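*Asks:* Residue numbers (UniProt numbering): 1 to 275.
We put the CB at the ideal spot given by N, CA and C, even for glycine.
These figures come from a predicted structure and were not determined experimentally.
Can you keep this structure in mind? I'll have questions shortly.
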């Protein structure tokens, strides 16, 4: 029986479970490093049959006795991670170790995205171990990840990501200083935080410097489009926009990273580039 025939459904099942773990971590880590059992938003323990968001919705156990309900984020995350795991399995069926490493990267990016969107923070507790994981995979798998890429390319990718976004971070601080003086009131939020700098570093460790360049291009384009849509909707709904509103940028870095992680060859072929 060909490996791909059983590896894809196995990967999808694994993705559902890992998606549940991602949800569990996203529920706890923004508040505490001490993890408990999966619970509802009011802290009530969820029955085992509702530990997965998908099963909670399907079995009618979305809410606690007091009415605190799980958000759609829970089943959607599990389904999304399962779909990406299945795709990776179908594309890397002949190299299971490579496939599992890429699945780990996807799970990391999913966790970072959820926490950033819901809490507008990128946790050192997540980023630092993730960087070590990415470097370990690059060191052990090396050209099995991407042909002709060496470990030094991944190290350089991290350095480029850090340097580029650190400059943007400093630029954001300078802009806030100038804008605060101009308006006579302090601006406490910035579009780029230190978490975004570390996220870009992680992206470089995952991709290598060559693909990181295109990931940043995708992030900039997606970020601009996202900001335009946000401003347009804000104007339509409220009829005004509050200047200097900082919008989270981490999800766009994740988007660019994910695209280059899974569809590197297609993107480079689109631009007519070969490494």
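DSSP on residue 227, reduced to helix/strand/coil?
*Replies:* Three-state result, residue 227: helix.
*Asks:* Can you tell which of 106, 70, 149 and 71 has its C-alpha closest to the C-alpha of residue 82?
*Replies:* With distances taken between Cα atoms, residue 82 lies closest to 106.
*Asks:* Report, in whole angstroms, the separation of the C-beta atoms of residue 57 and residue 30, which I expect to be a contact under 8 Å.
*Replies:* No, residue 57 and residue 30 are not in contact; Cβ-Cβ is about 23 Å, not under 8 Å.
*Asks:* Opposite residue 45 in the DSSP bridges: which residues?
*Replies:* According to DSSP, residue 45 bridges with 39.
*Asks:* Near residue 1, which residues of its chain fall below 6 Å by C-beta distance, leaving aside the five closest residues on each side in sequence?
*Replies:* Here the model assigns residue 1 a pLDDT of 46, short of 50, so the residue's position is not dependable, and the following value carries that caveat. Around residue 1: no qualifying Cβ.
*Asks:* Would you decide whether residue 207 is buried or exposed? Buried here means 16 or more other CB atoms lie within 10 Å of its CB.
*Replies:* Per the 10 Å Cβ criterion, buried.
*Asks:* Spatial neighbours of residue 151 within its chain, please: C-beta separation below 7 Å, excluding the five flanking residues on both sides.
*Replies:* Taken in chain order, the residues that qualify are 138, 139 and 142.
*Asks:* For the pair the region 207–218 and the region 253–270, tell me if three or more CB-CB distances fall below 8 Å.
*Replies:* They touch, by the three-pair rule.
*Asks:* Is it buried or exposed, residue 215, if we count other Cβ atoms within 10 angstroms and call 16 or more buried?
*Replies:* Classification for residue 215: buried.
*Asks:* With three or more beta-carbon pairs closer than 8 Å as the criterion, would you say the region 85–103 touches the region 51–69?
*Replies:* Counting Cβ pairs under 8 Å, fewer than three are found: no touch.
*Asks:* Find the nearest neighbour of residue 99 within the set 273, 262 and 272, judged by alpha-carbon distance.
*Replies:* Nearest of 273, 262 and 272 to residue 99, Cα basis: 262.
*Asks:* Can at least three beta-carbon pairs, one atom from the region 163–178 and one from the region 118–128, be found at a separation below 8 Å?
*Replies:* In short, these stretches do not touch, since the Cβ pair count stays below three.
*Asks:* Restricting to Cα atoms, I'd like to know which of 79, 59 and 32 is closest to residue 126.
*Replies:* The residue with the shortest Cα to Cα distance from residue 126 is 32.
*Asks:* Taking C-alpha atoms, which residue in 102, 133 and 110 lies nearest to residue 146?
*Replies:* Of the listed residues, the one whose Cα sits closest to residue 146 is 102.
*Asks:* Which ranges would you report for the alpha helix (DSSP H) in the UniProt domain "Prepilin type IV endopeptidase peptidase" (106–225) if only whole runs of at least 4 residues count?
*Replies:* You should have 124–141, 151–183 and 194–207.
*Asks:* Compare the beta carbon distance of residue 158 and residue 113 with 8 Å and say whether it is the shorter of the two.
*Replies:* The answer is no: Cβ separation not under 8 Å.
*Asks:* Buried or exposed, going by whether 16 or more other CB atoms sit within 10 Å of the CB of residue 44?
*Replies:* Exposed, since its Cβ has fewer than 16 Cβ neighbours within 10 Å.
*Asks:* Just the Cα atoms here: how many angstroms apart are residue 55 and residue 42?
*Replies:* In a straight line, the C-alpha of residue 55 is about 19 Å away from that of residue 42.
*Asks:* Can you tell me the Cα-Cα spacing of residue 109 and residue 149, whole angstroms?
*Replies:* Going by the C-alpha atoms only, they are around 22 Å apart.
*Asks:* Determine, using beta carbons only, whether residue 125 comes closer than 8 Å to chain C.
*Replies:* The structure shown contains no chain C; it holds only a single protein chain.
*Asks:* Work out the CA separation of residue 205 and residue 226 for me, nearest whole Å.
*Replies:* Taking the straight line from one Cα to the other gives about 26 Å.
*Asks:* Classify residue 232 as helix, strand or coil using the three-state DSSP reduction.
*Replies:* Correct three-state label for residue 232: helix.
*Asks:* Per DSSP, which one or two residues make a beta bridge with residue 63?
*Replies:* For residue 63, which the question treats as bridged, DSSP gives the partners 69.
*Asks:* Can you give me the Cβ contacts of residue 253 inside the same chain, cut-off strictly under 7 Å, excluding the 5 residues immediately before and after it?
*Replies:* Closer than 7 Å at the Cβ level, and outside the excluded window around residue 253, lie 196, 199, 200, 203 and 219.
*Asks:* So, using beta-carbon positions, are residue 52 and residue 78 closer together than 8 Å?
*Replies:* In this structure, residue 78 lies closer than 8 Å to residue 52 by Cβ.
*Asks:* Out of curiosity, what's the CA-to-CA distance linking residue 34 and residue 27?
*Replies:* Distance between the alpha carbons of residue 34 and residue 27 is about 11 Å.
*Asks:* Tell me whether residue 257 is buried or exposed, calling it buried when 16 or more other Cβ atoms sit within 10 Å of its Cβ.
*Replies:* So residue 257 ends up on the buried side.
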